[in-house]
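Reading through the structure tokens given below for one structure.
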Amino acid sequence: MIGLRNTHTRARAGLAVLLLVGLGGLLGCDKKGGEKTADEGSAKSAAASQSSAGSKAPNFTFVVAADPETFDTAKMTGAPEGRIAMQLFEGLLVPGPTTEGLDDPAKLMRPGVAKSYDISDDGKTYTFHLRDDAKWSNGEPVTSADFVYSWKRILTPDFPADYDSMLFVIKGAENYKKSKDDAPDWETVGIRAPDAHTLVVELINPTPYFPELIAFYTFFPVPEKTVEEFGNDWTRPENIVTNGAYELASYVDQKEIKLKKSPNYWDAKNVSIEEATVRIIPDLNAVTNAYRADELHWTGTTLPVSQIAEFITHPDYRRDPLLGVYYFRVNVSNEDSPLANADVRRALSLATDRNSLVEDVLSGLYEAADSYVPKNMPGYESTTKVAYDARKAAELLKKAGYGEGGKPLPKLTFLYNSDENHKLVAESIQKQWKSNLGVDIELVNKEWKIYLDDIDNLNYDIARAGWIGDYNDPMTFLGMFKTGDGNNDTGWSSAEYDALLEAANTEADQAKRVKILQEAETILVQDGPIIPIYFYTNNVLVSRDIKGLEPHNRDIHLLKYMSLSE
Amino acid sequence: MSRFIIKRLFGSVFVLLTIVTLALWITRMAPSNPCLKERATNTCGCIAVHKLDRPVFPVYLSVPLEPVAACDAWEPVSEFSVGPVHILTAGWGDTQYFHYVDQLLHGSLGDSMKTDRSVLETLSSALPYTLQLGLQALFVALLIGVPAGLYAGLRQNTMADYSTMTLAMVGVSIPNFVLGPLLIMFFALDLGWFRPNGWDSWMDSVLPSITLGLYYAAYIARLTRGGMLEVIRKDFIRTARAKGLTEHAVVITHAMRGAILPVVSYMGPAVAALLAGSVVVEEIFNLPGVGKLFVRAALNRDYNMVLGTVILYSTVLVFLNLLVDILYTVIDPRVNYD
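If you're matching them up, the sequences are chains A and B in order.
If you use the numbering used here, the first sequence corresponds to residues 565 to 1130, in order.
If you use the numbering used here, the second sequence corresponds to residues 934 to 1271, in order.
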């Protein structure tokens, strides 16, 4: 401790403290006068059901779970980015407001920048007719040259586009991207713009889901002039030029994104919501708290059991379909492991009581899986069903030489990323397999990035996994288990399966194609490296003041379809 | 004095460089890497852009990161074995360490490996929130801690003293991850006086500041009480009383100044701890500050962002320590660094 000797220095020390505190006050004043979202003093009970959700928000407010990594549609990969991109930009086609009641995937798409399109008889050439009144937010017209520029940009060999493979359905695209030439020949790529309002795309195979791909953000146009002028900075709010229903008004890191209606959008007269606030809230507890405090119109992301359980009777609670499956990956790459034996894998699958898991452990929030491709896939129905049959499971295990009378099954590890929901599932399955098959499972939970690393390096026995479809075709689920696919991550390989997928790719007749895909799914479910557990549902809270936020199985929601009642 | 300051500034640069070296090594030691995503993506491109396939230091033991077989592996300059240890070497200019320090010397903290924004830009957007939160928490701590300490100190061994100090003990013992959610439950959700999270107006900073400041309030109360007990028995206080001053005047003009001395010397470490300690509070209240940024960056393996935050925190700490040392000479003439 230091003694003070004279009052002069004491006064100075005191002043320093005062200054420090004063500075805090100043900073406080500095940020005052934002929006008036905190209507203090209006005491109200926790029963949010009494009042209207979002009533304290100044405009339409919803949540994304993380900061967008980028606003550049060519580089993005994640859900938060996609949700924002869908409002800011528009592809040749746009997803409709809902997938409910649709049995034909072709009907999902609506005209966007293209007012119509033709498909050649062999299904391989798409000709898009662009509308004359499509404009960028700076008033310049959107032309077919914009699309050629944007797609060529992604396919430029050293351009860091994470989803470049989305474009590989186009003739010559993959070769161009992987070319080691300094100046690869663009003429070899099947993308042509004969005039400003026509775009011709040649595909390798008849790809029935191409219209849906076209509406995916990787295929969105980017503004050539702005990109060339500002380089990587073109996505900053002060520089960015967009062609969708909304413009990027502002973005504050970790806090919020503001969107405002674009007056130059071709369909602006039908866009009702003028402004929207997108809050960035990673913690799901904070999301439900904000919803309870009437600050949100829509929770945006699906909420897990721990967060949603107390909202199940809330009138704003909705359980929408989601084109996704929760399943277990089984590592088959280690030949000494019992898991290399398909009978053991099937035994584990048969010993899994999915209904009891979903009903008793997961509060009935999801739908027990009876196959791998989700039920709500329009125009497709799985022909192979997985079922719970403990006796058959034990028999299969015995047939494989394990269990009673055979070798004891060695202890297996079950890997999941640290999360409340995954823990519930893992513990329940551990019990089921122990009682049904006598198998000892060791649960291992790891932080997300390490979990990914382990999956990538096949450093696991059995691991939880989830897959949300990229388009409404079974290929988005089945394609990943092709030999050597980057998303396979199980070491599984089947020549028969690969051949079926290849046959499906080249088959122009959709009915025949579906049959082939059903066969492939049968192989995958019977012998494959997967154990389907449940089909995801989208558990969200949506204010009843919002009209036009319809259930969509890929969780795509365009603000331009929505309106806010007063 | 100026010689001392210059010497210390040079020392600080050395300290910071050591911290950067260690932190860089630790980030690279952590399993997984920034380029790994749930879905197969252009991983090789990402690795090449951030030079993650390069060795971290010129002499290294294991091969650099090669998560995908399709990526071009980095070739070492030479390899040799010492007993069971296999050692590889690379040119200085090729290492990730050289690249990073070179970047620092050019005044850049680099770009985030997760987002397409620069580290400096992201940090400067987050820093004002953390500063404001820390300083307001300090204000809360002083506003509660000093009067409570004085009150207890002047009534030693009475009921008032015991109850105040018990409260202070409770305050020190409640972790902020318990206090924060409790405050949200009562004051935001039940009473509706505040927002449960977010930061748009000054009102939104009240609950986080209390959550962060209460621990320090309790600590400061104990310090002030101790200071008061020491001072109140001093001769000059007895003299003041003998002169016939009122008790009020004795306490306010004579005793208090001495009593808060320990608090003043605690300010340096307290400010540093408040700035670095806001990690949990920022998470609970979803504040767009540096603490939350740091946690996200670490979980995402955003090496550049982690290092940028570490450099920011350590610079603040080094600077505050220097400031405290200089202040000592101002406060106490017996301290002389020359």
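Cβ atoms here follow ideal geometry from the backbone N, Cα and C, with glycine treated the same way.
What you are looking at is a predicted structure, and each value in this text was computed from that prediction instead of being measured.
(request) Would you kindly work out how many angstroms separate the C-alpha atoms of A/His878 and A/Thr625, rounded to a whole number? (result) Rounded to the nearest whole angstrom, the C-alpha separation of A/His878 and A/Thr625 is 19 Å.
(request) State the DSSP-derived secondary structure class of A/Glu1060, mapped to helix, strand or coil. (result) helix
(message) Taking 8 Å as the threshold (beta carbon to beta carbon), is B/Asn1219 in contact with chain A?
(response) yes
(message) Just checking: is the beta-carbon of A/Ala857 within a distance shorter than 8 Å of some beta-carbon in chain B?
(response) yes
(message) Taking the alpha helix (DSSP H) that B/Lys984 belongs to, which residues open and close that run?
(response) Per DSSP, B/Lys984 belongs to no alpha helix (DSSP H) and is neither H nor E.
(request) Provide the residue span of the alpha helix (DSSP H) that contains B/Arg961, from first to last. (result) Ser935 to Met962
(message) For the alpha helix (DSSP H) containing A/Lys949, name the first residue and the last one.
(response) Where A/Lys949 is concerned, there is no enclosing alpha helix (DSSP H), given that its DSSP letter is neither H nor E.
(request) Show which residues of chain A have a CB atom less than 8 Å away from the CB atom of B/Gly1146. (result) Going along chain A, no residue has its Cβ under 8 Å from B/Gly1146, so there is no contact; the nearest lies around 11 Å.
(request) Would you grab the beta carbon distance between A/His693 and A/Lys716 for me? Rounded to a whole angstrom, and I think it's under 8 Å. (result) Taking the Cβ atoms as the reference, A/His693 lies roughly 21 Å from A/Lys716, outside the contact range of under 8 Å.
(message) Let's see if you can read the secondary structure: which residues bound the beta strand (DSSP E) around B/His876?
(response) A query on residue 876 of chain B cannot be resolved here, the shown segment of chain B reaching from 934 to 1271 and no further.
(message) Along the chain, where does the alpha helix (DSSP H) containing A/Met650 start, and where does it finish?
(response) Ala643 to Leu652
(message) So, for A/Arg843: in the same chain, excluding its five sequence neighbours on each side, which residues have a beta-carbon less than 6 Å away from its beta-carbon?
(response) Val627 and Glu820
(request) Could you say which of A/Gly1092, A/Ala951, A/Glu945 and A/Asn834 lies nearest to A/Thr916 if we only look at CA atoms? (result) A/Ala951
(message) So, with DSSP's three-state summary, where would you put B/Val1103?
(response) helix
(message) To the nearest angstrom, how far is the alpha carbon of A/Lys595 from that of B/Trp1135?
(response) Summary for A/Lys595: the model assigns pLDDT 35, below 50, so the residue's position carries little reliability, and this model does not support an answer.
(request) Check the Cβ of B/Thr974 against every Cβ in chain A and list those closer than 7 Å, keeping chain order. (result) Thr641, Asp726 and Tyr727
(message) Just list the residues that DSSP pairs A/Arg883 with in beta bridges.
(response) A/Asn1103
(request) Report, in whole angstroms, the separation of the C-beta atoms of A/Leu976 and A/Leu1001, which I expect to be a contact under 8 Å. (result) Rounded, the Cβ-Cβ distance is 11 Å, inconsistent with contact.
(request) Could you name the residues of chain B that A/Ile1014 contacts, counting a contact when the two beta carbons are closer than 7 Å? (result) Pro964 and Ser965
(message) On the CB-based measure, 16 or more other CB atoms within 10 Å of its CB, does A/His861 come out buried or exposed?
(response) Sixteen is the threshold: when 16 or more other Cβ atoms of the shown chains lie within 10 Å of the Cβ of A/His861, as they do, the residue is buried.
(message) Based on DSSP bridge pairs, tell me the residues matched to A/Val816.
(response) A/Glu820
(message) Need the endpoints of the beta strand (DSSP E) that B/Ser1014 sits in, please.
(response) Ser1011 to Val1015
(message) Just checking: is the beta-carbon of B/Cys979 within a distance shorter than 8 Å of some beta-carbon in chain A?
(response) yes
(message) Strictly under 8 Å for the Cβ-Cβ distance: is A/Val1089 near chain B by that measure?
(response) no
(request) To the nearest angstrom, report how far apart A/Cys593 and B/Leu969 are at their CA atoms. (result) For A/Cys593, the pLDDT reaches just 37, beneath the cut-off of 50, and the residue's location in the model is therefore unreliable, leaving the point undetermined.
(request) Please list, in chain order, all residues of the same chain as A/Ile1080 whose beta carbon is under 7 Å from its beta carbon, the five residues on each side excluded. (result) Leu1064, Ala1067, Ala1068 and Glu1071
(request) Just the chain A side, please: which residues come within less than 8 Å of B/Leu1115 by C-beta, in chain order? (result) In chain A, no part has a C-beta under 8 Å from the C-beta of B/Leu1115; the shortest such distance is about 13 Å.
(request) Verify the CB distance criterion: does A/Ile1120 have a CB-CB separation below 8 Å to chain B? (result) no
(message) Quick check: the Cα distance between A/Ile566 and B/Leu1256, rounded to an integer number of angstroms?
(response) For A/Ile566, the pLDDT reaches just 39, beneath the cut-off of 50, and the residue's location in the model is therefore unreliable, although a value from the coordinates is still provided. In a straight line, the C-alpha of A/Ile566 is about 15 Å away from that of B/Leu1256.
(message) Going by the DSSP bridge assignment, what does A/Glu766 pair with across the sheet?
(response) A/Glu766 pairs with A/Thr689.
(request) Helix, strand or coil for A/Glu751, going by three-state DSSP, please let me know. (result) helix
(request) Write down the C-beta distance between A/Ile718 and A/Ala725 rounded to the nearest angstrom, noting that I regard them as a contact closer than 8 Å. (result) 4 Å
(request) Show which residues of chain A have a CB atom less than 9 Å away from the CB atom of B/Ser875. (result) Shown here, chain B extends from 934 to 1271; a query on residue 875 of chain B therefore has no answer.
(request) May I have the straight-line CA-CA distance separating A/Glu664 from A/Gln994, to the nearest angstrom? (result) Using only the alpha carbons, I get a separation of about 36 Å.
(message) Which residues of the segment 861-892 of chain A have a Cβ closer than 9 Å to any Cβ of chain B? Give them in chain order.
(response) none
(message) If the criterion is Cβ atoms closer than 8 Å, does the pair B/Val1105 and B/Ala1173 meet it?
(response) Not closer than 8 Å, so no.
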